[in-house]
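As structure tokens, the structure follows; a few thoughts come after it.
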Ligand code: OAD
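In our numbering, the protein residues as written are 62 to 307.
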């Protein structure tokens, strides 16, 4: 049963943001990082997702990213991603901020989007900084090489110990200060960024709604926690809000 306040506020919202984490892609078959089946249960982030790890063994790091790129290439957007894309079409003032690097939001049709942790479908040259798109599937060499200077390309994602892109972060923060509804979906909140972003929206007076089958770091900030899977809860919520509108 969805709270009436959530349905009504979404239906009459002027400006909406959605903040997503790995949980929204779980029903597409993309593993989350933590919890049952989580990547960090079986792999050590310090061996695979840090600049030092890449400097030490770029081939190992790329093999791990090739495994993840393969999983994501086979996955398809689910009903949760589709609702987020539909919300963007509906609201004149809308922004999606995702921690996900899988590209599924884009494939579902989302365009007003900040991929705050980067994207698996491009590489960045460690020497000259050129960003190049990388096709799914086998790469000619590991690490792939920069077409401009032949330097090694690294995955164009944020690693542990690295700073957020300040321009992207600033855009997200400015937007969140203005929203009246923030929907947070499928993030544990165990890295600090979703909590910091949600706090800014809360301080600006937004209603914060968290969608997650389990308790998360967001539960303490959220005005409402909708306990369930994104692919089930989001379509119910969006249908209910649309009924209120019509
Ligand atoms: P986590 O793996 O930490 O958390 C996933 C969350 O999704 C958990 O709270 C789950 O309960 C929830 N979840 C699972 N299935 C779900 C479903 N079907 N619908 C909705 N929610 C579901 O993933 P993130 O919070 O995204 O960073 O992790 C944040 C960052 O930590 C990642 O971007 C990554 C990781 O280390 C970097 O690699 C820099």
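Even for Gly, the Cβ is constructed at its ideal location relative to N, Cα and C.
Output the distance between the C-alpha atoms of residue 171 and residue 157, rounded to the nearest integer angstrom. Whole-angstrom Cα-Cα distance: 8 Å.
Quick one: does the C-beta of residue 83 sit closer than 6 Å to a heavy atom of the ligand OAD? yes
Note the first and the last residue of the continuous beta strand (DSSP E) segment covering residue 111. That residue, residue 111, is in no beta strand (DSSP E); it is neither H nor E in DSSP.
Check each candidate in 89, 132, 215, 117 and name the one with the smallest Cα separation from residue 123. Closest by alpha carbon: 215.
CB-CB under 7 Å to residue 229, same chain, minus the five flanking residues each way: which ones, in chain order? Same-chain partners within the cutoff: 175, 177.
When you compare each of 221, 267, 239 to residue 254 by their alpha carbons, which one comes out closest? Considering only alpha carbons, the answer is 221.
Measure from the alpha carbon of residue 79 to the alpha carbon of each residue in 106, 288, 199, 244, then state which is nearest. 244
Taking the DSSP output, what are the residues bridged to residue 285? 270
Considering only C-alpha positions, which residue in the set 208, 248, 267 is nearest to residue 193? 208
Quick check on residue 185: does DSSP put it in helix, strand or coil? strand
Provide the residue span of the alpha helix (DSSP H) that contains residue 256, from first to last. 254 to 264
Taking only the alpha-carbon atoms, compute the straight-line gap between residue 299 and residue 69 and give it to the nearest angstrom. 11 Å
Extract the residue ranges of the alpha helix (DSSP H) inside the segment 162 to 213, only unbroken runs of 4 or more that lie entirely within it. Unbroken alpha helix (DSSP H) stretches of 4 residues or longer found wholly inside the segment 162 to 213: 165 to 169, given in chain order.
Residue 224 classed as buried or exposed, judged by whether at least 16 other C-beta atoms fall within 10 angstroms: exposed
Could you pull the start and end residues of the alpha helix (DSSP H) that residue 81 belongs to? Unbroken run through residue 81 is the beta strand (DSSP E), 76 to 81; no alpha helix (DSSP H).
Is it buried or exposed, residue 163, if we count other Cβ atoms within 10 angstroms and call 16 or more buried? buried
Take residue 238 as the anchor and find which of 270, 265, 248, 97 has the nearest alpha-carbon. 265
Is residue 94 near the ligand OAD, in the sense that its beta carbon is under 6 Å from a heavy atom of that ligand? yes
Cutoff 6 Å; reference residue 287; Cβ partners in own chain excluding five residues on either side: For residue 287, where only same-chain residues beyond five positions count, the Cβ hits under 6 Å are 272, 294.
Per the DSSP calculation, residue 68 is bridged to which residue(s)? Answer by DSSP bridge pairing: none, since residue 68 is not bridged.
For the beta strand (DSSP E) that residue 242 lies in, which residues bound it at each end? Start and end: 242 to 246.
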